[in-house]
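This report concerns only the one structure given below.
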Amino acid sequence: MNRKKRTLVFAASEATPFAKTGGLGDVVGALPRALAQWGHRVAVLLPGHRMVRQRGFAPDNTGHQVAIRLGDRDLRAELSHLRRDSIDVWFIDQPELFDRPGLYGVDGRDFPDNGERYGFFCHAVLAALRTLNLQPDILHVHDWQTGLLPLLLHLEKKRDSFFSKTGSLLTIHNLAYQGLFPSQLVATLHLPQELFCMEGFEYWGKLSFLKAGIQFADRINTVSPGYAAEILTSEYGCGFEGILQEKRARLCGILNGIDPDDWDPAVDPCLPANYDSSDPAGKARCKSALQQELGLAVDSHLPLLAMVTRIDRQKG
């Protein structure tokens, strides 16, 4: 199949192996790699989290900077870069906001300035693309942390032509996380006050980053066709089912896949025994090892069911 080669830019709060707390990081780590293998030009923009350095990565300082107005002060960020798996990975380094012990909080408590942090990041992404003269065909954003980007892109297109050919895609990994912040943040982030309304990004008197993304993204997808259908209902729509029903023509579900490089039992070094379809004997050894580790009866005849997920109502 002949595919048109495109310039694809991912903007997200996390991506494996650089910084990760959950499935969002897995997707943003694996999908760009797969698209690069298809011949697309792919770039990923991430916050310069402390975790990046803690994991042994040392991006090069490029000398490029961006300045973003946050409230009544200008905050500067440096752009650092590394290339991995044919992908350009850019980090927006702003130590005051991102050099912290967690991505979103510590000890189960969110950082109180997460709105400012990720609002800054969204503004900085567009500024960085301008600085780097990188004009994406598609800007792919993920969850509430980058939910403001489709709105900001929409506003930028009205000002000049730099992003005139850029479309936006919002992936909703978990609708329950909506990026809700006090209304004062509208002014702090220099967002249009007239859009703080039901038809804009207002939700029950608060600014919702995710609602901004839903309202202004050119396309929206979720992590499966089933989830795309579920979020249109009152049971799973988390209060957003109405707006999602309005946008259903833009909405689809694309089933998350696995990364065959990371999840190949034939070569996985974390398993007590390797196996594949031609020699499945190691699978039985893995089963007995897990039974033993969990304090279960070690019995090859007993069924063993496992699910890698949070214990959460959303997960069934």
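Mapping the sequence shown onto my numbering, position 292 (from 1) lands on 896, and the numbers just tick up by one.
Quick reminder that beta carbons are idealized off the backbone N, C-alpha and C, glycines included.
Alpha carbon of residue i to alpha carbon of residue j, nearest angstrom
| i | j | result |
| --- | --- | --- |
| I915 | R763 | 46 Å |
| L757 | R713 | 31 Å |
| R721 | V632 | 20 Å |
| L779 | W867 | 27 Å |
| G817 | Q895 | 44 Å |
| P829 | L855 | 10 Å |
| A821 | K891 | 45 Å |
| S881 | A893 | 20 Å |
| I742 | P873 | 36 Å |
| G886 | R823 | 44 Å |
| Y840 | L848 | 11 Å |
| C726 | A910 | 38 Å |
| H644 | K609 | 5 Å |
| K810 | P876 | 50 Å |
| R704 | T611 | 32 Å |
| G783 | K624 | 18 Å |
| F661 | N860 | 27 Å |
| L814 | G843 | 12 Å |
| A675 | M802 | It should be noted that the sequence gives Gly, not Ala, for residue 675. Going from the Cα of G675 to the Cα of M802 covers about 24 Å. |
| L900 | P651 | 42 Å |
| A853 | T913 | 30 Å |
| Y831 | F767 | 31 Å |
| G667 | D678 | 18 Å |
| L793 | L898 | 49 Å |
Beta-carbon proximity check, residue i vs residue j, cutoff 9 Å
| i | j | result |
| --- | --- | --- |
| L795 | F805 | yes |
| G857 | V827 | yes |
| L753 | N825 | no |
| Q819 | L730 | no |
| N878 | P869 | yes |
| F724 | L759 | no |
| S812 | G751 | yes |
| V670 | R680 | yes |
| A634 | T620 | yes |
| I691 | A732 | no |
| H744 | S772 | yes |
| A616 | P740 | no |
Status (buried if at least 16 other CB within 10 Å, exposed otherwise) for residue i
| i | result |
| --- | --- |
| N931 | This structure gives no information on residue 931, because the portion of the chain shown stretches from 605 to 920. |
| H905 | exposed |
| A618 | According to the sequence as given, residue 618 is Glu; it is not Ala. Buried: at least 16 other Cβ atoms inside 10 Å. |
| N737 | exposed |
| M655 | buried |
| P907 | exposed |
| I862 | exposed |
| V871 | exposed |
| D711 | exposed |
| G699 | Strictly speaking, residue 699 in this sequence is Pro, with Gly absent from that position. It is exposed - the Cβ of P699 has fewer than 16 other Cβ atoms within 10 Å. |
| G598 | Shown here, the chain extends from 605 to 920; a query on residue 598 therefore has no answer. |
| A728 | buried |
Residue i, enclosing beta strand (DSSP E) - first and last residue
| i | result |
| --- | --- |
| V693 | I691 to D697 |
| H758 | Not the beta strand (DSSP E): H758 falls in the alpha helix (DSSP H), residues L752 to R763. |
| V670 | D664 to L674 |
| A647 | R645 to P651 |
| A615 | T611 to A615 |
| E682 | R677 to R688 |
| V745 | I742 to H746 |
| I824 | R823 to T826 |
Endpoints, alpha helix (DSSP H) assigned at residue i
| i | result |
| --- | --- |
| N778 | That residue, N778, is in no alpha helix (DSSP H); it is neither H nor E in DSSP. |
| A732 | N718 to T735 |
| K891 | A885 to E897 |
| L738 | Looking at the DSSP string, L738 is not in any alpha helix (DSSP H), and its letter there is neither H nor E. |
| T792 | L789 to T792 |
| V632 | G627 to Q641 |
| G817 | F813 to F820 |
Whole-Å CB distance - residue i paired with residue j, under 8 Å assumed
| i | j | result |
| --- | --- | --- |
| T735 | L789 | With a Cβ gap of about 25 Å, T735 and L789 do not count as contacting. |
| L686 | P663 | 5 Å |
| H746 | L628 | 6 Å |
| Y781 | W748 | 5 Å |
| H653 | L707 | 6 Å |
| R922 | W642 | This structure cannot speak to residue 922, because the chain is shown only from 605 to 920. |
| F622 | R659 | 7 Å |
| E845 | I835 | 7 Å |
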